[in-house]
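Under UniProt numbering, the first residue of the sequence shown carries the number 1, and numbering increases by one thereafter. All C-beta atoms in this analysis are idealised placements derived from N, C-alpha and C, irrespective of residue type, glycine included.
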Amino acid sequence: MSQNKLMTGIVVGAAVGALVSLLDSNTREDVMNKSKKASENAKYYANNKDELKSAFKEQAERAQNLYSRISEDAAYVGGKVEQVKKLVPEVKEVARDARGAVMETKDAVVESKEDVVSAVKEDNPSPSSSLTEDSSTNDSSSSNTNSQNQNRN
């Protein structure tokens with residue numbers, strides 16, 4: 001019973017919608033032109049059944065070709081998806097290996113930097129210590145030079 005009411009409601013709704021849409025003059029003209037064209041086509045194919053059969057065959061072939069192309073494309077895409085699925089673990093492993101190598105290189109660079117910094121500090125003492133050592137050394141060497149000069153005279 002409820003299906004009957006549903007179908008009745010759908011039919012009544014469609015009829016009311018069609019009537020309301022026909023209130024517009026452009027819509028009425030368009031409906032009339034398309035109805036005349038459909039009527040002419042129906043009469044033509046009623047008299048030329050062979051052409052109707054060939055048109056249906058042509059459409060069926062087009063649909064079959066389209067289905068074949070879609071099937072081939074889907075198979076191709078499916079194959080590519082499988083290839084990607086197989087590559088993902090390999091790519092992850094390569095990325096992990098590369099990350100490990102980069103981290104080792106980073107650690108080596110940090111160690112080298114620390115070695116270079118400490119070597120530079122050992123070779124070049126601080127400016128304050130070099131001034132005091134140089135001045136005392138210079139003072140003693142200059143006094144030695146002065147005493148040697150006096151002895152010669």
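Grab the span of the alpha helix (DSSP H) containing residue i for me, first residue to last.
i, result
"residue 30", "25-47"
Counting only the same chain and skipping the five closest in sequence on each side, list residues whose C-beta sits under 8 angstroms from that of residue i.
i, result
"residue 22", "28 and 31"
"residue 110", "none"
"residue 34", "none"
"residue 83", "none"
Apart from the five residues on each side of it in sequence, which residues of its chain come closer than 6 angstroms, Cβ to Cβ, to residue i?
i, result
"residue 130", "With a pLDDT of 46 at residue 130, under the threshold of 50, the predicted position of this residue should be treated as unreliable, and no value is reported."
"residue 74", "none"
Any C-beta of chain C sitting closer than 7 angstroms to the C-beta of residue i?
i, result
"residue 111", "Of the chains in the structure shown, none is chain C; there is only one protein chain."
* **beta strand (DSSP E) runs wholly inside the stretch 72-119, at least 3 long, in chain order** => Here no run is fully enclosed.
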